[in-house]
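Chains as they are written, first to last, in our numbering: chain S, 1047 to 1472; chain B, 1047 to 1472. For glycine and all other residues, C-beta sits at the position ideal for the given N, C-alpha and C. Reading through the structure tokens given below for one structure.
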């Protein structure tokens, strides 16, 4: 049976999460499939940030560090994010960028792995996926150089064997982005963490494409370290602060090198020797960016609003319905145009995105779609990436996106030269 | 001759910079002497940040990285700050926090000093001032530990001799906050840089209490590295992003360890090996925090608005007039109450603040003043710190502050128990 747009509209009418879309400002007529790169503007954000500016900063001035709760804002918002990723209160803070937080946790993991009982001086290897997001690899490369170690890049499927092999004694850290940014493939956090621990290694998980996209239980998975991004599925705004989590059993056992004053046990004693705060607060560094953390809180609240409707599990069910639908429509309606679906077909392995690849013209096809109001993004060298965020996308949006894709391909419109002019960012 | 409040009002009427005050939202009746901790809200900031939220983010979404110039915003605002500190265009970027930027530059400086011709393995010592701001010392301590070096803390007056001594061969980095946060004393950047270079060391300058407060010429001083704060004299808002500058001759000669994707030569090629961008862009790390950088730009613009009125030189002249006036009024009207003026009496040595000390009650006196609408801050263990920012302070504000201080001291009001209850900040 062929699916019609009316069928999709019927699915939307039956969608118990449909009202969540009203939380966002979304430009009229746009099908926004890039929330995995930059989440849209929550309706509450402008007023909240305006309040922080005019009342808390403008009127309260320096006193707002106490009276408006600025000092503990990274913890307060951290506690909210913790609910989305299966961490406990007080275990997670908002701080810096994903890249900076990666530096903190990979460094701490290297230190702990080296100091573990039975660890030899050879335990300095960071294992990661060849196709991990570049910033993860760059930071790991930098730390491997500083610690006299090595970054070893493998295909995802080869990682378990590498950990299980006799050579496993040299692996200090397994560093993975839980959901691959390009393909949307999900790593098995439980199994890989177990394998890493068996090899004497610690795990660092980048949750950039997980937090707010999939249900997760960091505690149950016995993960060691995690970082995540505030501006994708958490809708915190462009360049929003990131977050960092450390397993409570480990958090006080390592220093992190970005030993700024806000991570000190007593920042306002102004004493010269560094003494890290107890708990996750030691992963703070400089003065928290209040406007940005306040905006992030509004974004996180858009996800917490789903808690009464089934929370992340319900969002995940809808996300899978949307990605399944898009893959089906691409197969049914865009066949014969050289597209390959590179995201996993199996639900349990697929994040909240569907990535396509094409030998030629991937960039131009994305540009032609954007002109038609369907915003995905291009990921070099050949990937068309479409994110499906169940908070605000409808089944008809999926239908419209596939239909525009079909028209771009069938018309050959993407061959027009203007779609081939590269910009810095997609 | 005794100065009266009317004399101060006359000085204000003759002040060619008086109109600059209109750039700020300042609560009615408040004398705000804490702009050296958190600058006040510029009138333009709420509308500009609202525009970034509702138009650039809300309407433009991911496309604003190109169309709204987000990708180059850290450079654009950096170029504006460069004009305030004597750096050239393209030499300075906005990024991360002061603490994180300190980590980048001290690390790069250690690396360069060690690799310099004639440098031995012993050249690993970081020299700093004992009373430097703690985050500078914590970051230096952390890097000294990682690099197998040592942080050596001296009294300010002992630094030149330490650099000149035969032991100078072991000093890799001289790390100083140009204007001491507690006393407001200015280090002689030219002389100390020369002495450091003669000793084979590189200089790192923290401009937290310099940028927007004093004229400065980083290029002429032949400084090597500098970082600075966005939320003090630059009025960028609570926890505003910081900035980082490297002498052009050095910038491509070292990597900095926070090798995030935005500092890569080609971030959107998504290639696995790290290749730093040319120039100061390699000191970027994660995705720039757009709302916060936009707010910072409004703050920086309040200083650039003085350029037609004489710029930093004119602001400095007024700042000195204000601090001289406050010191005089404290001497004349608050004598006999155990206050000591700890900021230098000599203009050329004094930043844009006057710090007082008292053996007992410094915290409580600051609290009593805040209740009376005169906002300074307490700096442990015994300092009452008052910042005088010529952009928005009037001579009558100085007079009123000194008068309230006199009343608090003469009445003994500060002895009331409520003024002794410690809060986390200020």
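Short CB-CB distance (under 7 Å) between residue i and chain B
{"i": "residue 1092 (chain S)", "result": "yes"}
{"i": "residue 1146 (chain S)", "result": "yes"}
{"i": "residue 1331 (chain S)", "result": "yes"}
{"i": "residue 1469 (chain S)", "result": "yes"}
{"i": "residue 1336 (chain S)", "result": "yes"}
{"i": "residue 1322 (chain S)", "result": "no"}
{"i": "residue 1398 (chain S)", "result": "no"}
{"i": "residue 1426 (chain S)", "result": "yes"}
{"i": "residue 1474 (chain S)", "result": "Residue 1474 (chain S) cannot be examined here, being either before or after the span of chain S that is shown, 1047 to 1472."}
{"i": "residue 1303 (chain S)", "result": "yes"}
{"i": "residue 1120 (chain S)", "result": "no"}
{"i": "residue 1318 (chain S)", "result": "yes"}
Through-space distance from residue j to residue i, alpha-carbon basis
{"i": "residue 1436 (chain S)", "j": "residue 1078 (chain S)", "result": "11 Å"}
{"i": "residue 1465 (chain B)", "j": "residue 1131 (chain B)", "result": "39 Å"}
{"i": "residue 1376 (chain B)", "j": "residue 1193 (chain B)", "result": "47 Å"}
{"i": "residue 1418 (chain S)", "j": "residue 1179 (chain S)", "result": "29 Å"}
{"i": "residue 1299 (chain B)", "j": "residue 1221 (chain S)", "result": "29 Å"}
{"i": "residue 1199 (chain B)", "j": "residue 1208 (chain B)", "result": "11 Å"}
{"i": "residue 1274 (chain B)", "j": "residue 1202 (chain B)", "result": "20 Å"}
{"i": "residue 1197 (chain S)", "j": "residue 1191 (chain S)", "result": "9 Å"}
{"i": "residue 1121 (chain B)", "j": "residue 1414 (chain S)", "result": "30 Å"}
{"i": "residue 1189 (chain B)", "j": "residue 1306 (chain S)", "result": "12 Å"}
{"i": "residue 1472 (chain B)", "j": "residue 1108 (chain S)", "result": "Any reading at residue 1472 (chain B) needs caution, since the residue's pLDDT is 46, under 50, leaving its predicted position unreliable; the model's value is listed next. Cα to Cα, residue 1472 (chain B) sits roughly 8 Å from residue 1108 (chain S)."}
{"i": "residue 1354 (chain S)", "j": "residue 1086 (chain S)", "result": "22 Å"}
{"i": "residue 1186 (chain B)", "j": "residue 1392 (chain S)", "result": "50 Å"}
{"i": "residue 1233 (chain S)", "j": "residue 1152 (chain S)", "result": "19 Å"}
{"i": "residue 1292 (chain B)", "j": "residue 1239 (chain S)", "result": "41 Å"}
{"i": "residue 1195 (chain B)", "j": "residue 1369 (chain B)", "result": "40 Å"}
{"i": "residue 1416 (chain B)", "j": "residue 1280 (chain S)", "result": "38 Å"}
Residue-chain proximity (residue i, chain S), Cβ-Cβ < 7 Å
{"i": "residue 1065 (chain B)", "result": "no"}
{"i": "residue 1306 (chain B)", "result": "yes"}
{"i": "residue 1138 (chain B)", "result": "no"}
{"i": "residue 1271 (chain B)", "result": "no"}
{"i": "residue 1363 (chain B)", "result": "no"}
{"i": "residue 1341 (chain B)", "result": "yes"}
{"i": "residue 1112 (chain B)", "result": "yes"}
{"i": "residue 1143 (chain B)", "result": "yes"}
{"i": "residue 1135 (chain B)", "result": "no"}
Same chain, Cβ closer than 6 Å to residue i, neighbours up to 5 away in sequence not counted
{"i": "residue 1304 (chain B)", "result": "1150, 1331"}
{"i": "residue 1325 (chain S)", "result": "1297"}
{"i": "residue 1065 (chain S)", "result": "none"}
{"i": "residue 1125 (chain B)", "result": "1135"}
Spatial neighbours of residue i in its chain, beta-carbon cut-off 7 Å, leaving aside the 5 residues before and after
{"i": "residue 1443 (chain S)", "result": "1077"}
{"i": "residue 1072 (chain S)", "result": "1078, 1086, 1438"}
{"i": "residue 1448 (chain S)", "result": "1372, 1375, 1376, 1379, 1380"}
{"i": "residue 1266 (chain B)", "result": "1132"}
Integer Cβ distance of residue i from residue j, believed to fall under 8 Å
{"i": "residue 1168 (chain B)", "j": "residue 1215 (chain B)", "result": "7 Å"}
{"i": "residue 1218 (chain S)", "j": "residue 1156 (chain S)", "result": "5 Å"}
{"i": "residue 1341 (chain S)", "j": "residue 1091 (chain S)", "result": "5 Å"}
{"i": "residue 1058 (chain S)", "j": "residue 1441 (chain S)", "result": "5 Å"}
{"i": "residue 1229 (chain B)", "j": "residue 1252 (chain B)", "result": "The pair is not a contact, with the Cβ atoms about 15 Å apart (cut-off 8 Å)."}
Close-in-space but distant-in-sequence residues of the same chain around residue i (CB under 8 Å, 5 per side omitted)
{"i": "residue 1116 (chain B)", "result": "1102, 1110, 1334, 1336"}
{"i": "residue 1119 (chain B)", "result": "1140, 1334, 1336, 1339, 1340, 1343"}
{"i": "residue 1147 (chain S)", "result": "1141, 1273, 1288, 1289, 1290, 1329"}
{"i": "residue 1231 (chain B)", "result": "1202, 1225, 1389, 1390, 1395, 1396, 1397"}
{"i": "residue 1039 (chain B)", "result": "Here chain B has residues from 1047 to 1472 only, and residue 1039 (chain B) is not among them."}
field: Interfacial residues, the region 1273-1293 of chain S to chain B, with Cβ spacing under 9 Å
entry: 1275, 1277, 1283, 1284, 1285, 1286, 1287, 1288
query: Listed from N- to C-terminal order along the chain, which residues in the region 1176-1200 of chain B have their beta-carbon within a distance smaller than 7 Å of any beta-carbon of chain S?
result: 1176, 1180, 1181, 1183, 1184, 1185, 1187, 1188, 1192, 1199
query: In the region 1094-1109 of chain B, which residues sit with their C-beta less than 7 Å from some C-beta in chain S, listed in chain order?
result: So the list reads 1095, 1096, 1099, 1100, 1103, 1104, 1105, 1107, 1108, given in the order they occur along the chain.
query: In chain order, what residues of the region 1148-1177 of chain B put their CB closer than 7 Å to some CB of chain S?
result: The residues in question are 1149, 1176.
message: Can you pull out the residues from the region 1069-1089 of chain S whose beta carbon lies closer than 8 Å to at least one beta carbon of chain B?
response: 1071, 1073, 1076, 1078, 1080, 1083, 1084, 1086, 1087
message: Closer than 7 Å between beta carbons: that is the criterion. Which residues of the region 1229-1244 of chain B meet it against chain S?
response: none
task: Closer than 8 Å, Cβ to Cβ, to anything on chain B: give me those residues from the region 1428-1440 of chain S, in chain order.
output: Using a CB distance below 8 Å, no part of the region 1428-1440 of chain S faces chain B.
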